[in-house]
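> Let me give you the structure first, and then I'll get to my questions.
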Amino acid sequence: MPSPQISIVAPLYNESESFPHLVQRLTQLMDSLPLPIEVVLVDDGSRDTTALQMRQIALTDPRYHCVFLSRNHGHQLALTAGLAAARATEALFIIDGDLQDPPELLPDFYQKMQEGYDVVYAVRRKRKENFIKKTGYFLFYRLLKSISYVDIPLDSGDFALISRRVADVLNQMPEESRFLRGMRSWVGFKQTGFEYERSERVAGESKYSFKQLFGLAYNGIFNFSEFPIKFMTRAGGVAIGIALIYFVIVIVKKLFFAGIIEGFTALLFVIILFSGVQLMSLGIIGEYVLRIFFQSKGRPLYVVKEEIIESTVYSSQFTVGKVPPQTMSSTTTQRLTDNG
Ligand code: UDP
Ligand code: MG
């Protein structure tokens, strides 16, 4: 197989139901295009038959390149593993494994890239998700845009076609709490949006828990904005201002109108309010400290258990996905068998 020009990268977690659909559509797509393409599937520690099905396809069709992680590391890290494993010389097409991002759009994205773009990211025109999720996403992207120091486009997820050099930069970014759509914007070069209608998941349930979604949103806000810290300073400034004004009023009343202001309830209210603000501020600082703590440990971002490239199985119990991926070279991978 010539080295692939394009890698289609998809992370999978418990996707046994959607897997046959995914393979069918990807195989059809690859057959219809004249370019050498590989599909990089990452098993994020699935507990169902996803890994088994991945093995089967990888051993029969050399265009399927499969990476198996040692446990569930979460979508962003699984995707990171896929980006590091992809061998494409020209571009990487990032999709979800549940077919919410139609892979058939690849030729359109590719054409757009030919116009001189390094990143063609998908912009969701319509979402077919429930009201709460839709509203949550809508508000989050707008909040992030207004406070982020990187220009992160509205309503765009990880679905994108990125050039080799953008992938190389992403692979060199060692940050532990990853928000790939933000990191992609940070890289720069020429980027453009491509509108599409987000489909419904082809089968099964969403694998993102609300906790994971909040975690992702937190990573977006704390990794791409100084707003929370600035907000604390400003809130402190406003509180001091109010206190000074109040102090002047009290003094004036005492000196010129004889009498002290009563107001036990008001006092209680102010104490409770500012105790809350102080606790929240501590929490915000804690959030940054936590990030420094995790980053300072310098642990690998993920652990690869096994990799199947062109139907050859590589056991890689010592292969760790610490970026930069150059450290993931074949010195640590051991060839086990040919064709399984
Ligand atoms: N996914 C993953 N690890 C996880 C959760 C999800 O690799 O811990 C994969 C999942 O299999 C899918 C993609 O990430 O291919 C997007 O997840 P999902 O469709 O569940 O998220 P949603 O579209 O509901 O936000
Ligand atoms: Mg989905």
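For the sequence shown, position 290 (counting from the first letter as 1) is numbered 281 according to the numbering used here, and the numbering increases by one without interruption.
We put the CB at the ideal spot given by N, CA and C, even for glycine.
Computed from a predicted model, the values in this text were never measured in an experiment.
(1) Does DSSP put A1 in a helix, in a strand, or in coil?
(2) Whose CA, out of E166, Y305, Y199 and V33, lies closest to the CA of W177?
(3) The beta strand (DSSP E) that contains E106, what's its start and end?
(4) Only counting runs of 3 or more residues, tell me where the beta strand (DSSP E) segments fall wholly within the stretch 67 to 132, in order along the chain.
(5) Got a list of residues with beta-carbon closer than 5 Å to any non-hydrogen atom of ligand 1, in chain order?
(6) I want to know whether the stretch 154 to 165 touches the stretch 44 to 53 - three or more CB-CB distances under 8 Å.
(7) If you draw a straight line from the C-alpha of R62 to the C-alpha of L43, how long is it?
(8) Out of curiosity, what's the CA-to-CA distance linking V111 and P27?
(9) Pick from D87, K181, V30 and M164: whose alpha carbon is nearest that of E298?
(10) On the DSSP letters alone, give me the boundaries of the alpha helix (DSSP H) that H56 sits inside.
(11) Can you tell me which of L130, Q15 and G65 puts its alpha carbon nearest to the alpha carbon of I212?
(12) Is Q91 near ligand 2 - that is, is its Cβ less than 7 Å away from at least one heavy atom of it?
(13) Say the cut is 7 Å; is the CB of R192 nearer than that to a heavy atom of ligand 2?
(14) Name the residue from F201, L273, Q91 and S(-6) whose alpha carbon lies nearest to the alpha carbon of G127.
(15) Can you tell me whether DSSP reads A194 as helix, strand or coil?
(16) Is the stretch 74 to 85 in contact with the stretch 136 to 155, if contact means three or more CB pairs nearer than 8 Å?
In brief:
(1) Within the sequence shown, numbered from 1, the residue matching residue 1 stands at position 10. Three-state DSSP puts A1 in a strand.
(2) Counted from its first residue, the sequence shown places residue 177 at position 186. Distances from the alpha-carbon of W177 to those of E166, Y305, Y199 and V33 put E166 closest.
(3) Locating residue 106 in the sequence shown gives position 115, where the first residue counts as 1. Element bounds for E106: n/a, residue is neither H nor E.
(4) If we require 3 residues or more, the beta strand (DSSP E) runs fully inside the stretch 67 to 132 come out as 82 to 85 and 110 to 117.
(5) Ordered along the chain, the selected set is P2, L3, Y4, E6, D35, G65, H66, A69, D87, G88, D89, S197, K198 and Y199.
(6) Touching, no.
(7) Your numbering for residue 62 matches position 71 in the sequence shown. Your numbering for residue 43 matches position 52 in the sequence shown. Cα to Cα, R62 sits roughly 15 Å from L43.
(8) Within the sequence shown, the letter at position 120 stands for residue 111. Within the sequence shown, the letter at position 36 stands for residue 27. Whole-angstrom Cα-Cα distance: 20 Å.
(9) Taking the first residue of the sequence shown as 1, we reach residue 298 at position 307. Ranking the options by Cα distance to E298, first place goes to V30.
(10) Residue 56 sits at position 65 when you count from the first residue of the sequence shown. Per DSSP, H56 lies in no alpha helix (DSSP H); the unbroken beta strand (DSSP E) holding it starts and ends at Y55 to L60.
(11) Start at 1 with the first residue of the sequence shown, and residue 212 comes out as number 221. With distances taken between Cα atoms, I212 lies closest to L130.
(12) Numbered from 1 along the sequence shown, position 100 holds the residue referred to as residue 91. Yes; taking the cut-off as 7 Å, the Cβ of Q91 has a heavy atom of ligand 2 nearer than that.
(13) By 1-based counting over the sequence shown, the position of residue 192 is 201. Look at R192: its beta carbon is less than 7 Å from one of the heavy atoms in ligand 2.
(14) Locating residue 127 in the sequence shown gives position 136, counting from the first residue. Per the Cα distances, F201.
(15) Within the sequence shown, numbered from 1, the residue matching residue 194 stands at position 203. A194: coil per DSSP, three-state reduction.
(16) Three or more pairs of CB atoms, one per stretch, sit closer than 8 Å, so the stretch 74 to 85 contacts the stretch 136 to 155.
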